[in-house]
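> This structure is in structure tokens; I'll ask about it shortly.
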Amino acid sequence: MVASAGIASADVTLSGSAQMGVIYVENDATDTDWQVQREVDLGVAMSGTTDAGLAFGADFNIAGDAGKNEDANVHISGSFGTLTIGGGITEANELGGIGDVGYDGLGVDDVVEGNAAITDPNVHYTLSVGSLTVHASMLSDTNEAAPYALGASYSVNGFDINVGIANEDDAADTNTTLLAVGYTAGALTLDAIMTTSETNNVETEATGVSVAYAMDAATTITLAASDIDGSADSSIGLGVAYDLGGGATFQAGAASVNDVSKASAGIAMAF
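Those letters in the sequence shown? Residues 119 to 389, per my numbering, in order.
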């Protein structure tokens with residue numbers, strides 16, 4: 119849905135998403151293994167163009183459960199690239215990744231991708247030159263710590279290659295790196311990721327892979343796994359997604375995440 123604003127070159131676009139389903143998380147301590155889940159979100163995107171050709175805009179989400187604005191950001195772009203300030207920004211070192219499985223995601227990917235995570239940034243800059251995009255992000259805060267990250271993405275012949283580095287700028291001198299490669303050929307999509315995290319001079323390495331295959335125009339099956347070297351943290355899961363049409367998708371899956379059995383099934387809706 120697009121609404122015309124009071125200025126000729128400005129637009130306000132509304133989008134929405136919702137989901138409903140059930141999630142199982144093994145819990146030996148209680149009888150609350152199964153939970154009914156639902157979520158509603160409204161997205162608002164505002165955009166405009168200056169007389170000189172600069173594109174500007176703002177985006178935010180309204181979460182139905184919380185009843186408040188989330189991930190609000192403001193951005194401006196031109197030949198110099200795009201500068202974004204606010205929330206809901208992907209860290210420059212967390213580009214790419216592996217597929218998750220199940221309704222609402224069972225967290226199979228969190229084991230490897232979380233190994234490279236730093237404090238969420240509120241300033242992000244991107245510049246694209248052909249198939250290459252460079253990224254830089256940082257957290258601008260009132261204290262002395264200023265986590266930052268640098269990354270690059272490159273696409274060629276069905277391959278998507280992403281690299282990133284980050285520094286938490288904390289007392290533990292936390293540094294992370296990421297290498298993610300994706301490849302798509304027809305109905306098959308392959309993704310692999312390797313991350314490292316060094317804290318107090320102790321390094322942790324993690325790897326993950328996922329394979330997704332579109333069996334037909336409506337059905338996609340995904341197998342994903344990840345592992346942290348030298349740790350008990352590992353995950354594996356299998357999921358299926360079926361396009362019901364009209365913006366609705368049935369999703370289901372089962373996984374073992376850090377030795378905890380999980381399963382989910384439900385419908386995701388896009389408006």
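Note that CB positions come from ideal geometry on N, CA and C, so glycine has one too. If you're wondering where the values come from, they're calculated on a predicted model, not measured in any experiment.
Using only CA atoms, which one of Ala-298, Phe-277, Tyr-360 lies nearest to Ala-234?
Ala-298
> Please report how far the alpha carbon of Gly-225 lies from the alpha carbon of Val-219, in whole angstroms.
8 Å
> Are there 16 or more other CB atoms within 10 angstroms of the CB of Ala-330, so buried, or fewer, so exposed?
buried
> Check this for me: beta carbons of Leu-379 and Ala-370, under 8 Å apart or not?
Looking at the sequence itself, residue 379 is Ser, so the reference to Leu does not match. No. Outside cutoff.
> My output table needs one value for Glu-209: the three-state DSSP class, helix, strand or coil.
coil
> Among Tyr-266, Gly-171, Asn-191, which one has its Cα closest to the Cα of Ala-128?
Gly-171
> Who pairs with Val-229 in a beta bridge, going by DSSP?
The partner list for Val-229 (beta bridge, DSSP) is empty, contrary to what the question assumes.
> Let me check understanding here. Comparing Cα to Cα, which of Glu-316, Ala-305, Ala-343, Thr-317 lies closest to Met-333?
Ala-305
> Looking at Thr-340 and Gly-232, is the spacing between their C-beta atoms short of 8 Å?
no
> Taking the straight line between their C-alpha atoms, what separation do you get for Tyr-301 and Asp-278?
6 Å
> Is there a Cβ from chain B that is less than 8 Å from the Cβ of Arg-156?
The structure shown contains no chain B, having only a single protein chain.
> Tell me whether Ala-234 sits in a helix, a strand or coil according to DSSP, three-state version.
helix
> Can you check whether the CB of Tyr-243 is closer than 8 Å to the CB of Gly-276?
No, the Cβ-Cβ distance between Gly-276 and Tyr-243 is not below 8 Å.
> Check the C-beta distance from Ser-249 over to Ser-273 and give it rounded, since I have them as a contact under 8 Å.
Correct: roughly 5 Å between the Cβ atoms.
> Measure from the alpha carbon of Ser-135 to the alpha carbon of each residue in Gly-161, Gly-364, Glu-323, then state which is nearest.
Gly-161
> Report yes or no: do the stretch 315-325 and the stretch 277-291 share at least 3 C-beta pairs separated by less than 8 Å?
yes
> What's the C-alpha gap between Thr-337 and Ile-354?
20 Å
> To the nearest angstrom, how far is it from the Cα of Asn-191 to the Cα of Val-241?
Between Asn-191 and Val-241, the alpha-carbon positions lie close to 9 Å from each other.
> Given Ser-195, which residues of its chain have a CB within under 8 Å of its CB, disregarding the five upstream and five downstream residues?
Leu-172, Ala-173, Phe-174, Leu-201
> Let me check understanding here. Comparing Cα to Cα, which of Val-154, Glu-286, Ala-342 lies closest to Val-143?
Val-154
> How far does the beta strand (DSSP E) with Thr-294 in it reach, from first residue to last?
293-303
> The beta strand (DSSP E) spanning Asp-334 covers which residue range?
That residue, Asp-334, is in no beta strand (DSSP E); it is neither H nor E in DSSP.
> Tell me the rounded alpha-carbon separation between Asp-361 and Asp-238.
33 Å
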